[in-house]
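Enquirer: Residues in the sequence shown are numbered from -2 upward in steps of one, following the numbering used here.
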Amino acid sequence: MNILVANLGSTSFKFRLFRFDEAGAALLARGGYERVTDHGRAIDDCLAELKAAGHVQSASDLHGVGFKTVLGRNLTGCVPADERVIAALEGFKDIAPAHNPPYAAGIRRFQEKLPGVPLVALFETAFYQWMPEAATRYAVPETWYQAGVRRHGFHGASHKFIAERSAELLGRDDIARRVSGLYQDGPGPESGPPLRVISCHLGGSSSITGIRNGLAVGTSMGLSPQSGLPQNNRVGDLDSAAVPYMLKTLGLPLAEIERQLVQESGLLGLSGVGNDLRDLRAAAAQGNARARLALEVFTHSARHWIGAFHFELGGCEAIVFTAGIGENNPDLRAAILRDLGQLGLVLDPAKNEALRGAEGEISAPASRVRVFVIPANEELVVARETLRCIAARN
Ligand code: AMP
């Protein structure tokens, strides 16, 4: 089975082609285009590339296309990418302006170009469908809630993968199975003792999710991917009073405030150096105080959210680091998990230092809380979920 994963940005189109057989998944091809103005043309180019490479001669060689859609109005899950998905994306285009319009347009193009090939949308919000209602609500008037102002959660593909893989690593195949079929079968009944995991997706965009028996109980991201931890250029959590204050005090128009919150805030805004953790670390090592502070703010925020979910879950069996920052920065991991002896958490400094970009355990054998690094591969997650969705419908 060949599954194409289409990753659409406002001016970019990236793709990966996976082949699934009894041996598992293999990446057959990957590619992409920047400065895209015509997504239809980019899709044509992608299909031509796959044909020239001998992977996909005709539509019958393609068994599905998966889209990592962000959020839709009144719709989530892993579902056929049809008119209902397009309407849901358009209904929330003002919350995710960089993502929803290109995905809606891209799905339409694939519908035209590959009639008969199953198209599947995996919403980033899907993993949060079973979150307790109290964890989803802001204290806003009912009309705001009815308009969609609530905590939706993001990075669902990544956190679901962590829920599944961490359960396997902890010997809980019952929970891994529960997570694997979640979007087709729903959560079903609980089994066995509780398994509590805190998943830390730390990358260009970061979020932390508390997971009990494979289901999210809370997450750091809210209405939009603007919230929670400081992001690369995006603000993360901010008191809502800041917007009217800057509007009145600096006389900034709303569009400029929005632009600065999205493009000039986060690690870039704090450090003044850049939005990439490697640049911040290099600057901090040379004595740049703002870069050092940006790293400390990021660490402080990560500890805040891990602490919140540790308390909410009543403890945890494992903490997992994933994504570019979480996988590759042992000293940041150590800073985030410092002084947690009272919780029985003990890192193994040598294992932590040695582990970069690969899967492994970095806690000491005596640690009551186990700590893992699990590499993210969101495209593979989308491909796997697309396959599961297609199989469930056949
Ligand atoms: P992601 O969004 O998951 O691709 O993560 C991007 C972030 O991960 C950037 O801030 C990078 O600085 C950081 N990152 C990626 N690779 C490394 C590495 N080898 N060492 C340190 N940081 C890294």
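Where is the CB? At the ideal position from N, CA and C, for every residue including glycine.
Does the distance between the C-beta of D328 and the nearest non-hydrogen atom of ligand 1 fall short of 7 Å?
Expert: Incorrect: D328 has no Cβ contact closer than 7 Å to ligand 1.
Enquirer: Indicate, with yes or no, if ligand 1 has a heavy atom lying under 7 Å from the CB of A373.
Expert: True, at least one ligand heavy atom lies under 7 Å from that Cβ.
Enquirer: At the level of alpha carbons, what is the spacing between K90 and N97?
Expert: Looking at the two C-alpha atoms, the distance is approximately 5 Å.
Enquirer: From T319, D336, R365 and G323, pick the residue whose C-alpha is nearest to that of G312; which is it?
Expert: The candidate whose alpha carbon is nearest that of G312 is R365.
Enquirer: Less than 7 Å between the CB of A320 and some heavy atom of ligand 1, yes or no?
Expert: True, at least one ligand heavy atom lies under 7 Å from that Cβ.
Enquirer: Should F318 go down as buried or exposed, given a rule of 16 or more other Cβ atoms within 10 Å for buried?
Expert: Buried, because 16 or more other Cβ atoms sit within 10 Å of the Cβ of F318.
Enquirer: Thinking C-alpha only, which one of G215, R381 and I387 is nearest A154?
Expert: Of the listed residues, the one whose Cα sits closest to A154 is R381.
Enquirer: Anyone know if the C-beta pair for L1 and V76 falls short of 8 Å?
Expert: Not a contact, by the Cβ cut-off of 8 Å.
Enquirer: For R13, write down the residues that DSSP places opposite it in a beta bridge.
Expert: Answer is V2 and R27.
Enquirer: Spatial neighbours of G290 within its chain, please: CB distance less than 7 Å, with the 5 preceding and 5 following residues excluded, ordered by chain position.
Expert: The residue asked about is misnamed: residue 290 is Leu in this sequence, not Gly. For L290, where only same-chain residues beyond five positions count, the Cβ hits under 7 Å are L267.
Enquirer: Within its chain, find whatever has a CB closer than 6 Å to the CB of R353; leave out the 5 residues flanking it on each side and keep chain order.
Expert: Excluding residues within five positions, the ones whose Cβ falls inside 6 Å are N325.
Enquirer: Pick out the complete alpha helix (DSSP H) segments inside the segment 196 to 254, 4 residues or longer, and give them in chain order.
Expert: Listed in chain order, they are 239 to 246.
Enquirer: Pick out the complete beta strand (DSSP E) segments inside the segment 74 to 143, 3 residues or longer, and give them in chain order.
Expert: For the segment 74 to 143, whole beta strand (DSSP E) runs of length 3 or above, ordered along the chain, are 75 to 77 and 116 to 119.
Enquirer: Shortest alpha-carbon distance to S188 belongs to which of E19, H301 and A164?
Expert: It is A164.
Enquirer: So the candidates are G37, D170 and R27; which of them puts its Cα closest to the Cα of A50?
Expert: Looking at the Cα atoms, R27 is the closest of the given residues.
Enquirer: Can you tell me whether DSSP reads A373 as helix, strand or coil?
Expert: Here A373 sits in coil by DSSP.
Enquirer: My understanding is that H198 touches A355, with C-beta atoms under 8 Å, so please give their C-beta distance in whole angstroms.
Expert: With a Cβ gap of about 17 Å, H198 and A355 do not count as contacting.
Enquirer: What residue does the beta strand (DSSP E) around T319 start on, and which one ends it?
Expert: First-last of the beta strand (DSSP E) with T319: A315 to T319.
Enquirer: Applying the criterion that 16 or more other CB atoms from any shown protein chain within 10 Å of the CB defines a buried residue, is K65 buried or exposed?
Expert: K65 should be labelled buried.
Enquirer: Do the CB positions of I371 and R162 come within less than 8 Å of each other?
Expert: It is a contact, given that the beta carbons lie within the stated cut-off.
Enquirer: Assuming H396 and L25 make a contact with CB atoms under 8 Å, what is their CB distance in whole Å?
Expert: Any question about residue 396 goes unanswered here, given that the chain covers just -2 to 391.
Enquirer: Cα-Cα, which of S177, G185 and G145 is closest to V378?
Expert: Answer by Cα proximity: S177.
Enquirer: Rounded to whole angstroms, what is the Cα-Cα separation between L226 and S203?
Expert: Going from the Cα of L226 to the Cα of S203 covers about 6 Å.
Enquirer: Would you say the beta carbon of G200 comes nearer than 7 Å to a heavy atom of ligand 2?
Expert: Although ligand 2 was asked about, the structure shown includes only ligand 1 as ligands.
Enquirer: Using only the heavy atoms of ligand 1, determine whether one of them is closer than 7 Å to the beta carbon of N230.
Expert: No, Cβ of N230 sits at least 7 Å from all heavy atoms of ligand 1.
Enquirer: Give every residue of the same chain whose Cβ lies closer than 8 Å to the Cβ of G357, excluding the five residues on either side of it in the sequence, and list them in chain order.
Expert: Taken in chain order, the residues that qualify are K348, F369 and V370.
Enquirer: Under 8 Å, do G417 and Q126 count as touching if we go by C-beta distance?
Expert: This structure cannot speak to residue 417, because the chain is shown only from -2 to 391.
Enquirer: Determine, using beta carbons only, whether I205 and L274 come nearer to each other than 8 Å.
Expert: The answer is no: Cβ separation not under 8 Å.
Enquirer: Have a look at the DSSP bridge pairing and note the partners of V194.
Expert: Per DSSP, I208 and A315.
Enquirer: Can you tell me whether DSSP reads S188 as helix, strand or coil?
Expert: Reduced to three states, the DSSP call for S188 is coil.
Enquirer: Judging by CA-CA distance, which residue of R385, G248, F306 and P99 is the nearest neighbour of M128?
Expert: Checking every option, the nearest Cα to that of M128 belongs to F306.
Enquirer: Measuring from the CB of R275, is there a heavy atom of ligand 1 at a distance below 7 Å?
Expert: Yes, the Cβ of R275 comes within 7 Å of a heavy atom of ligand 1.
Enquirer: Answer with buried or exposed for W141, where buried requires no fewer than 16 other C-beta atoms within 10 angstroms of its C-beta.
Expert: By the neighbour-count rule (16 or more Cβ atoms within 10 Å), W141 is not buried but exposed.
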